[in-house]
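Q: For what it's worth, the working numbering labels the leading residue of the sequence shown as 25, then goes sequentially.
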Amino acid sequence: MDTTTRRYDLDWLRVIAILAVYFHHLGMPFNGDGFHIMNSESSKLLDDIMVYFEQFRLPLLFLISGTGTVLAFSKRTWKQFSKERTGRLLIPLIFGILFIVPPQTYFQYINEYSSYWQLYTSGRFETNHLWFIENLYVISLLVIPLIIFLKSQKSKGFKTWFERISSHKMGLLLGGLPLIILTVVLKRYYPTGSSSLTNFSETFFYTYFFITGILFASSQLFWENLKKYRRFHLVTFIISTLLFYSYYVVPNDFIEPYLSSSVRWDIWYGLCCLLGWCFVLTLLGYGQVYLNKPSLWLKRMNEAIYPFYILHQTVIVIFGYYIIQLNVNIPVKMTLLFLSSFFVIVLLYRFLIYPFKVTRVLFGMKKKNEKYKNITDIRTEKLV
Numbered sequence: 025m026d027t028t029t030r031r032y033d034l035d036w037l038r039v040i041a042i043l044a045v046y047f048h049h050l051g052m053p054f055n056g057d058g059f060h061i062m063n064s065e066s067s068k069l070l071d072d073i074m075v076y077f078e079q080f081r082l083p084l085l086f087l088i089s090g091t092g093t094v095l096a097f098s099k100r101t102w103k104q105f106s107k108e109r110t111g112r113l114l115i116p117l118i119f120g121i122l123f124i125v126p127p128q129t130y131f132q133y134i135n136e137y138s139s140y141w142q143l144y145t146s147g148r149f150e151t152n153h154l155w156f157i158e159n160l161y162v163i164s165l166l167v168i169p170l171i172i173f174l175k176s177q178k179s180k181g182f183k184t185w186f187e188r189i190s191s192h193k194m195g196l197l198l199g200g201l202p203l204i205i206l207t208v209v210l211k212r213y214y215p216t217g218s219s220s221l222t223n224f225s226e227t228f229f230y231t232y233f234f235i236t237g238i239l240f241a242s243s244q245l246f247w248e249n250l251k252k253y254r255r256f257h258l259v260t261f262i263i264s265t266l267l268f269y270s271y272y273v274v275p276n277d278f279i280e281p282y283l284s285s286s287v288r289w290d291i292w293y294g295l296c297c298l299l300g301w302c303f304v305l306t307l308l309g310y311g312q313v314y315l316n317k318p319s320l321w322l323k324r325m326n327e328a329i330y331p332f333y334i335l336h337q338t339v340i341v342i343f344g345y346y347i348i349q350l351n352v353n354i355p356v357k358m359t360l361l362f363l364s365s366f367f368v369i370v371l372l373y374r375f376l377i378y379p380f381k382v383t384r385v386l387f388g389m390k391k392k393n394e395k396y397k398n399i400t401d402i403r404t405e406k407l408v
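This is the structure we're talking about:
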């Protein structure tokens with residue numbers, strides 16, 4: 025992958041992936057799964073839709089983060105890279121845990137506190153949705169030796185071998201086989217339920233996509249093959265979708281006599297991995313065709329999307345706490361929650377975060393600059 029040319033398709037996909045996380049959290053109070061705040065009634069249809077999109081929104085985000093890590097490393101030493109990751113990830117994480125996440129905890133356990141400040145005196149601090157930043161920071165530092173290896177001549181044989189495999193029609197698809205096998209095995213020992221780094225099934229799953237992003241970014245040929253086989257990957261994605269929902273809707277009573285509970289879960293996790301892998305391959309291929317174009321709007325959204333992510337769940341929980349108490353149906357409540365939360369997040373970003381150096385640092389933003397005057401400037405920019 026050429027590290028001197030901006031990949032606008034990856035910028036678009038990053039924005040899309042984080043917006044998908046935002047819409048997912050908009051639906052959480054209403055799908056019956058359990059969230060910081062829950063509506064008195066839930067929608068089974070909403071839950072059936074959300075369980076599908078859960079399988080690839082975060083894998084896509086981790087993969088793009090992996091490619092971005094290589095690009096961030098391209099003109100830095102490992103010490104400079106570690107410093108940059110600390111500024112962009114660790115500082116916002118600590119700030120978020122201390123000031124952004126506490127309102128979520130307060131409104132979730134509001135009956136346990138006499139005041140908001142009691143939450144601080146009790147020392148009840150959580151990462152909540154910022155687990156993604158926590159994982160990203162730790163994984164980014166752990167993969168430094170891998171990135172150094174891929175940049176060195178010692179990796180030439182490995183990359184040649186990997187490029188040869190990816191050049192076959194089934195090559196990239198088979199790259200998901202270790203993901204499926206190892207995730208299924210690890211899930212037996214570390215079931216779903218925690219996004220902590222100590223839940224090794226979750227950590228492995230997301231790290232696999234992160235490292236895949238690193239490998240893809242190490243050679244332009246991988247991107248060419250993703251584009252070349254995009255139609256084949258689309259077919260596999262459609263098939264995996266049909267398999268996923270076919271298994272999802274089959275009543276447990278129908279398969280219980282033939283398969284044990286553990287085997288049924290093995291099949292489920294395998295199908296989830298297959299769906300996520302096929303989707304990512306497909307989107308990366310088609311993204312190069314339709315999304316790799318400069319845009320002033322993209323530049324602005326790409327700059328704002330990280331603070332947007334940090335803020336979004338807290339704003340959703342605060343507004344959602346009051347909205348779920350209204351005597352209206354779920355679609356109306358979701359619409360009100362979307363309009364109010366989106367509007368407030370944009371206002372907070374534009375007037376409290378974007379203009380000031382201190383808040384830009386606290387929300388992991390780069391220094392403010394005026395280099396983007398027109399589309400020509402965007403086309404000639406070098407990504408570092």
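A virtual CB, placed ideally from N, CA and C, is assigned to each residue, including glycine.
Can you tell me which of the three DSSP states valine 339 falls into?
A: Sequence index remark: in the sequence shown, residue 339 carries index 315 (1-based). It is helical.
Q: Tell me which residues share the same chain as leucine 361 and place their Cβ nearer than 8 Å to its Cβ, disregarding the 5 neighbours each side in the sequence.
A: Numbered from 1 along the sequence shown, position 337 holds the residue referred to as residue 361. Excluding positions up to five away in sequence, the list reads Leu50, Pro53, Ile340, Phe343, Gly344 and Ile347.
Q: Report, in whole angstroms, the separation of the C-beta atoms of phenylalanine 19 and isoleucine 334, which I expect to be a contact under 8 Å.
A: Since the displayed the chain opens at 25 and closes at 408, residue 19 lies outside it and no answer follows.
Q: Is it buried or exposed for aspartate 72, if we count other Cβ within 10 angstroms and need 16 for buried?
A: Along the sequence shown, read from residue 1 onward, the residue named residue 72 stands at position 48. It counts as exposed.
Q: In three-state DSSP terms, what is phenylalanine 149?
A: Position 125 of the sequence shown, counted from the start, is the residue given in the question as residue 149. It is coil, neither helix nor strand.
Q: Could you have a look at valine 274 and say whether DSSP puts it in helix, strand or coil?
A: Taking the first residue of the sequence shown as position 1, residue 274 is located at position 250. Of the three classes helix, strand and coil, the one that applies to valine 274 here is coil, per DSSP.
Q: Using a Cβ distance threshold of 8 Å, determine whether the region 264 to 274 contacts the region 74 to 90, with at least three qualifying pairs required.
A: yes
Q: CA-CA distance, leucine 239 and phenylalanine 105?
A: Position 215 of the sequence shown holds residue 239. Position 81 of the sequence shown holds residue 105. Answer to the nearest angstrom: the Cα atoms are 18 Å apart.
Q: Beta-carbon separation of isoleucine 157 and proline 116 under 8 Å?
A: On the sequence shown, position 133 is the one that residue 157 refers to. On the sequence shown, position 92 is the one that residue 116 refers to. For isoleucine 157 and proline 116, yes; Cβs fall inside 8 Å.
Q: Based on Cα-Cα distance, which residue from Thr227, Thr265, Val313 and Arg384 lies nearest to proline 83?
A: Residue numbering aside, residue 83 sits at position 59 when the sequence shown is read from its first letter. Distance check between proline 83 and each of Thr227, Thr265, Val313 and Arg384 places Thr227 closest, using alpha-carbon atoms only.
Q: Can you look up isoleucine 42 in the DSSP assignment and give me helix, strand or coil?
A: What you label residue 42 is simply residue 18 of the sequence shown in a count that begins at 1. DSSP places isoleucine 42 in helix when its eight states are reduced to three.
Q: On the three-state DSSP scale, how would you describe isoleucine 348?
A: Reading the sequence shown from its first residue, position 324 is the one you call residue 348. Three-state result, isoleucine 348: coil.
Q: Quick check for students: name the residue ranges of the alpha helix (DSSP H) that lie wholly in the region 73 to 157, counting only runs of 4 or more.
A: 81 to 97, 102 to 109, 115 to 119, 126 to 132 and 141 to 145, all fully within the region 73 to 157.
Q: Give me the Cα-Cα distance between tyrosine 133 and asparagine 353, rounded to the nearest whole angstrom.
A: One-based indexing of the sequence shown puts residue 133 at position 109. One-based indexing of the sequence shown puts residue 353 at position 329. About 24 Å.
Q: Roughly how many angstroms lie between the CA atoms of leucine 37 and glycine 56, to the nearest whole one?
A: Translated into positions along the sequence shown, residue 37 becomes position 13. Translated into positions along the sequence shown, residue 56 becomes position 32. If you take the alpha carbons of leucine 37 and glycine 56, they lie about 29 Å apart.
Q: Tell me the DSSP secondary structure of methionine 62 in three-state form.
A: As a working note, residue 62 is residue 38 in the sequence shown. Coil at methionine 62, not helix or strand.
Q: In whole angstroms, what is the alpha-carbon distance linking isoleucine 118 and glutamine 337?
A: Along the sequence shown, read from residue 1 onward, the residue named residue 118 stands at position 94. Along the sequence shown, read from residue 1 onward, the residue named residue 337 stands at position 313. CA-to-CA, the gap between isoleucine 118 and glutamine 337 works out to about 16 Å.
Q: Confirm, please, whether the CB-CB distance from tyrosine 293 to arginine 254 is below 8 Å.
A: Within the sequence shown, residue 254 is the residue found at index 230, counting from 1. Within the sequence shown, residue 293 is the residue found at index 269, counting from 1. Cβ atoms of arginine 254 and tyrosine 293: not closer than 8 Å.
Q: Would leucine 305 and leucine 196 qualify as a contact pair, given that the criterion is a beta-carbon distance under 8 Å?
A: The residue labelled residue 305 in the question sits at position 281 within the sequence shown. The residue labelled residue 196 in the question sits at position 172 within the sequence shown. Contact flag set, yes.
Q: Classify glycine 300 as helix, strand or coil using the three-state DSSP reduction.
A: Mapped onto the sequence shown, residue 300 falls at position 276. Glycine 300 falls in the helix class under three-state DSSP.
Q: What does the alpha-carbon distance come out to for the pair phenylalanine 123 and leucine 154?
A: The sequence position of residue 123 within the sequence shown is 99, counting from 1. The sequence position of residue 154 within the sequence shown is 130, counting from 1. Looking at the two C-alpha atoms, the distance is approximately 12 Å.
Q: Under the rule that 16 or more other beta-carbon atoms within 10 Å means buried, what is asparagine 63, buried or exposed?
A: What you label residue 63 is simply residue 39 of the sequence shown in a count that begins at 1. Classification for asparagine 63: buried.
Q: Suppose the cutoff is 6 Å on Cβ atoms and the five residues either side in sequence are ignored; what does the same chain contact list for arginine 31 look like?
A: As a position in the sequence shown, residue 31 is number 7, starting the count at 1. Once the five neighbours on either side are set aside, arginine 31 has no close Cβ partner at all.
Q: Are lysine 357 and leucine 363 close, meaning C-beta to C-beta below 8 Å?
A: On the sequence shown, residue 357 is found 333 positions in, with the first residue counted as 1. On the sequence shown, residue 363 is found 339 positions in, with the first residue counted as 1. The answer is no: Cβ separation not under 8 Å.
Q: Measure the Cβ-Cβ separation of serine 286 and arginine 384 and say whether it is below 8 Å.
A: Sequence index remark: in the sequence shown, residue 286 carries index 262 (1-based). Sequence index remark: in the sequence shown, residue 384 carries index 360 (1-based). Cβ atoms of serine 286 and arginine 384: not closer than 8 Å.
Q: Going straight from the alpha carbon of glutamine 244 to that of leucine 315, what length do you get?
A: Here residue 244 corresponds to residue number 220 of the sequence shown, with the count starting at 1. Here residue 315 corresponds to residue number 291 of the sequence shown, with the count starting at 1. Going from the Cα of glutamine 244 to the Cα of leucine 315 covers about 17 Å.
Q: Spatial neighbours of glutamate 248 within its chain, please: CB distance less than 8 Å, with the 5 preceding and 5 following residues excluded, ordered by chain position.
A: Walking along the sequence shown from the start, residue 248 turns up at place 224. Once the five neighbours on either side are set aside, glutamate 248 has no close Cβ partner at all.
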